[in-house]
């Protein structure tokens, strides 16, 4: 963890969000690339729930104190990995490709806008830091 | 896993779609071809796509998303072995003893529809590249 993220928790969060959005973009790109591949099941990358769990102040968390236990809520923002779910074609018509190209294009632009939103917030944070480092000048 | 993986994925798809378009243009060019070096009329060719795993080094690290990252390639170009169309034309040099010639098993309508589909898929992938480029350029502006 760099000194900047230690100074500001939100910076750490924004860093993680940018990472996850980049991965999401790659997953969407993979779906669009395979829009004509027979039998391809599109993947979707979900991390919002894990992120919410990590950010929200929950007092009650399941504890892992046995070797057989596994954590069901991530402890910190840095541990969020997201999850992949595949949705195969259910119509059984044609080449059995499950990609909905229009939906993927919407996901692509949504992801891009949210990436840019996180980027803008990060820039504002850095501008604030710069402002205070320059003694408010 | 970096920003350029997106470029790799989208470019693999663009390459595959271009091969598909070449095949379609070959079919359309040979819609009336009655003789080929292999003998017989031209046979309709179609591309067959297959996924390819991307980001091999990430695969070794066993990251969750890396399994979902798949590009695409043309696995093979198949020949359509369906029956050729028979047309009565006794004066044609390729006519058989009954005066029929064998025209390729190509439907122009199908090829045009396939062509539009290939073009649209190609365009979708250029949009992905544009989006990835915009994100990469935005990342260069951190702290400006």
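Protein chains in written order, with our numbering: chain Z, 97 to 233; chain A, 25 to 168.
Just so it is clear, CB atoms sit at the ideal spot from N, CA and C, and this is done for glycine as well.
| query | result |
| --- | --- |
| Is it a yes or a no for the stretch 173-189 of chain Z touching the stretch 137-146 of chain Z, going by three-plus beta-carbon pairs under 8 Å? | yes |
| Would you mind telling me which residues of chain A sit closer than 8 Å to residue 126 (chain Z), beta carbon to beta carbon, in chain order? | 33, 78, 92, 93, 94, 95 |
| Please list the residues of the stretch 132-157 of chain A that have a C-beta atom closer than 9 Å to any C-beta atom in chain Z, keeping them in chain order. | 141, 142, 144, 145, 148, 149, 151, 152, 153, 155, 156 |
| Can you give me the start and stop residues for the alpha helix (DSSP H) that residue 122 (chain A) sits inside? | That residue, residue 122 (chain A), is in no alpha helix (DSSP H); it is neither H nor E in DSSP. |
| Within the 7 Å Cβ cut-off, does residue 130 (chain Z) reach chain A? | yes |
| Is any beta-carbon of chain A found at less than 7 Å from that of residue 206 (chain Z)? | no |
| If you measure between the beta carbons of residue 40 (chain A) and residue 97 (chain A), is that distance less than 7 Å? | yes |
| For residue 139 (chain Z) and chain A, any beta-carbon pair shorter than 7 Å? | yes |
| Quick check: what's the CA-CA separation for residue 110 (chain A) versus residue 130 (chain A)? | 12 Å |
| Between the stretch 26-53 of chain A and chain Z, which residues of the former have a C-beta closer than 7 Å to a C-beta of the latter? | 27, 29, 30, 33, 34, 36, 37 |
| On the CB-based measure, 16 or more other CB atoms within 10 Å of its CB, does residue 167 (chain A) come out buried or exposed? | exposed |
| Does the Cβ of residue 189 (chain Z) have 16 or more other Cβ atoms within 10 Å, making it buried, or fewer, making it exposed? | exposed |
| Quick one: does residue 75 (chain A) have its CB under 7 Å from some CB of chain Z? | yes |
| Grab the span of the alpha helix (DSSP H) containing residue 132 (chain A) for me, first residue to last. | 132-163 |
| With a threshold of 7 Å on Cβ separation, who are the neighbours of residue 187 (chain Z) within its own chain once the five nearest residues in sequence on each side are excluded? | none |
| Got a sec? Which residues, its chain only, sit under 7 Å from residue 115 (chain A) by beta carbon, not counting five neighbours each side? | none |
| So, does the stretch 194-208 of chain Z touch the stretch 110-124 of chain Z, judging by three or more C-beta pairs under 8 Å? | yes |
| In whole angstroms, what separates the C-alpha of residue 227 (chain Z) from that of residue 105 (chain Z)? | 18 Å |
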